[in-house]
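Asks: If you scroll down you'll find the structure; I have some questions about it.
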Amino acid sequence: MRRRNNQEESSSQHSWLLTYSDVITLVLCMFVMLYSFSTIDMQKFQQLVASLNQSLSGVLDGGKIIDIDDLDNLPKDEDQDENQKDQDDELLETYQQLVGLIKEYGLEDSIYVGIETKGIEIRFKDSILFDSGKADLKPSAFELLTKLTLILQKIDNEILVEGHTDNVPINTIIFPSNWELSAARAISVVKYFIDQGISPKRLGALGYGEFRPIATNKTAEGRQTNRRVNIIVLRSTEK
Numbered sequence: 001m002r003r004r005n006n007q008e009e010s011s012s013q014h015s016w017l018l019t020y021s022d023v024i025t026l027v028l029c030m031f032v033m034l035y036s037f038s039t040i041d042m043q044k045f046q047q048l049v050a051s052l053n054q055s056l057s058g059v060l061d062g063g064k065i066i067d068i069d070d071l072d073n074l075p076k077d078e079d080q081d082e083n084q085k086d087q088d089d090e091l092l093e094t095y096q097q098l099v100g101l102i103k104e105y106g107l108e109d110s111i112y113v114g115i116e117t118k119g120i121e122i123r124f125k126d127s128i129l130f131d132s133g134k135a136d137l138k139p140s141a142f143e144l145l146t147k148l149t150l151i152l153q154k155i156d157n158e159i160l161v162e163g164h165t166d167n168v169p170i171n172t173i174i175f176p177s178n179w180e181l182s183a184a185r186a187i188s189v190v191k192y193f194i195d196q197g198i199s200p201k202r203l204g205a206l207g208y209g210e211f212r213p214i215a216t217n218k219t220a221e222g223r224q225t226n227r228r229v230n231i232i233v234l235r236s237t238e239k
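Heads up: the sequence shown begins at 1 in the working numbering, then just goes up one per residue.
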């Protein structure tokens with residue numbers, strides 16, 4: 001009887017080893033699983049990197065594979081920056097020449113010249129170019145437009161000519177509405193530029209009627225301001 005009790009006590013004393021070995025086994029299994037997961041993810045990551053390098057090899061640097069650590073060392077597009085600077089300088093020079101032309105004729109109060117977001121804007125009061133309700137250029141405007149053409153021929157930027165009117169209705173056989181009048185005036189200026197040697201490919205004509213006012217149409221002064229022709233020399237990026 002005593003021997004049996006001793007055996008039970010010995011068995012009880014060593015039973016914790018079984019539990020400990022089970023725990024160790026589970027922990028080992030867990031680390032094996034974690035390692036296998038990390039290995040799979042790394043393989044997928046390497047496959048992804050290889051795929052991206054292959055896809056981009058025909059685009060970046062003539063087909064060379066670029067290491068991610070070398071991205072900061074890629075050459076900057078200095079030629080593009082220099083080209084943009086040259087275009088800005090050219091536009092500024094054109095602006096200065098236009099301002100000088102307007103001052104030469106003493107027309108600062110009738111012609112606005114400014115550098116806007118989309119380029120240089122030359123804004124004529126309609127009375128400088130046209131008689132009231134007409135779309136034929138006044139002979140007195142030819143000399144000014146010819147000198148303007150000489151300036152515009154020095155650059156290759158595209159040019160938009162916009163016709164605008166006030167909100168006073170017009171209803172004639174030739175011009176049933178202000179749409180026709182504003183468009184016809186823009187076209188007259190474009191045709192003059194073409195006759196003076198500017199390529200038609202650089203030119204565009206738009207008529208906005210009375211729908212883009214820059215002043216109130218409730219006063220005579222405001223209506224006079226709205227009756228205008230805009231010549232816009234577009235920035236190269238606006239083409």
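Just so it is clear, CB atoms sit at the ideal spot from N, CA and C, and this is done for glycine as well.
Note that the structure is a prediction, hence the values are computed from the model and not measured.
#1: Do GLY209 and ALA186 have their C-beta atoms closer together than 8 Å?
#2: What is the DSSP secondary structure of VAL190, counted as helix, strand or coil?
#3: Report, in whole angstroms, the separation of the C-beta atoms of LEU160 and LEU206, which I expect to be a contact under 8 Å.
#4: Using 8 Å as the threshold, is the segment 119-137 in touch with the segment 224-234, meaning 3 or more CB pairs across them?
#5: Can you find the residues in the same chain that come closer than 7 Å, C-beta to C-beta, to ILE170, ignoring five residues on each side of it along the sequence?
#6: Tell me the residue span of the alpha helix (DSSP H) that contains LYS147.
#7: Could you check what DSSP says for VAL161 in three-state terms: helix, strand or coil?
#8: I'd like the span of the beta strand (DSSP E) that includes ARG228, first residue to last.
#9: Which one of LEU129, LEU148, LEU150 has the shortest CA to CA distance from SER140?
#10: With 16 as the cutoff for other CB atoms within 10 Å, does SER188 come out buried or exposed?
#11: If you follow the beta strand (DSSP E) that ILE173 is part of, which residue opens it and which one closes it?
#12: Quick check on the DSSP output: what are the complete alpha helix (DSSP H) runs of length 4 or more inside the segment 76-133, in order along the chain?
#13: From the DSSP secondary-structure annotation, give me the bridge partner or partners of LEU206.
#14: Check each candidate in ASP166, SER127, LYS147 and name the one with the smallest Cα separation from GLY100.
#15: Distance, Cα to Cα, GLU221 vs SER199?
#16: Suppose you measure from the CA of ILE98 to the CA of VAL113; what does that come to, to the nearest Å?
#17: Does ARG227 have its Cβ less than 8 Å from a Cβ in chain C?
#18: Helix, strand or coil for GLU221 per DSSP?
#19: Please tell me whether ARG227 and ASP166 are closer than 8 Å, where the distance is taken between their beta carbons.
Replies: So, from the data block:
#1: Residue numbering aside, residue 209 sits at position 209 when the sequence shown is read from its first letter. Residue numbering aside, residue 186 sits at position 186 when the sequence shown is read from its first letter. No, they are not a contact pair.
#2: Taking the first residue of the sequence shown as position 1, residue 190 is located at position 190. Helix.
#3: Residue mapping note: residue 160 aligns to position 160 of the sequence shown, counting from 1. Residue mapping note: residue 206 aligns to position 206 of the sequence shown, counting from 1. So it is a contact: roughly 6 Å between Cβ atoms.
#4: yes
#5: Residue numbering aside, residue 170 sits at position 170 when the sequence shown is read from its first letter. For ILE170, where only same-chain residues beyond five positions count, the Cβ hits under 7 Å are GLY133, SER177, ASN178, LEU181.
#6: Within the sequence shown, the letter at position 147 stands for residue 147. It spans 142-152 - the alpha helix (DSSP H) in which LYS147 sits, taken as one unbroken run.
#7: Against the sequence shown, residue 161 aligns to sequence position 161. Reduced to three states, the DSSP call for VAL161 is strand.
#8: By one-based count along the sequence shown, residue 228 stands at place 228. Per DSSP, ARG228 belongs to the beta strand (DSSP E) from 228-234.
#9: As a first step, residue 140 is located in the sequence shown; it is residue number 140 there, counting from the start. Taking only the C-alpha atoms, the option nearest SER140 is LEU129.
#10: Numbered from 1 along the sequence shown, position 188 holds the residue referred to as residue 188. It counts as buried.
#11: Here residue 173 is taken as the residue at index 173 of the sequence shown, counted from 1. No beta strand (DSSP E) holds ILE173; DSSP gives it neither H nor E.
#12: 78-104, 126-129
#13: Within the sequence shown, numbered from 1, the residue matching residue 206 stands at position 206. DSSP, once it has assigned bridges, lists GLU162 as partnering LEU206.
#14: Within the sequence shown, numbered from 1, the residue matching residue 100 stands at position 100. The option with the nearest alpha carbon to GLY100 is LYS147.
#15: In the sequence shown, residue 221 corresponds to position 221, counting from 1. In the sequence shown, residue 199 corresponds to position 199, counting from 1. Their backbone Cα atoms lie some 36 Å apart in a straight line.
#16: Residue mapping note: residue 98 aligns to position 98 of the sequence shown, counting from 1. Residue mapping note: residue 113 aligns to position 113 of the sequence shown, counting from 1. The residue asked about is misnamed: residue 98 is Leu in this sequence, not Ile. Answer to the nearest angstrom: the Cα atoms are 7 Å apart.
#17: This model lacks chain C altogether, as it is built from one protein chain only.
#18: Within the sequence shown, residue 221 is the residue found at index 221, counting from 1. In this structure, GLU221 counts as helix in the three-state DSSP scheme.
#19: Within the sequence shown, residue 227 is the residue found at index 227, counting from 1. Within the sequence shown, residue 166 is the residue found at index 166, counting from 1. The answer is yes: Cβ separation under 8 Å.
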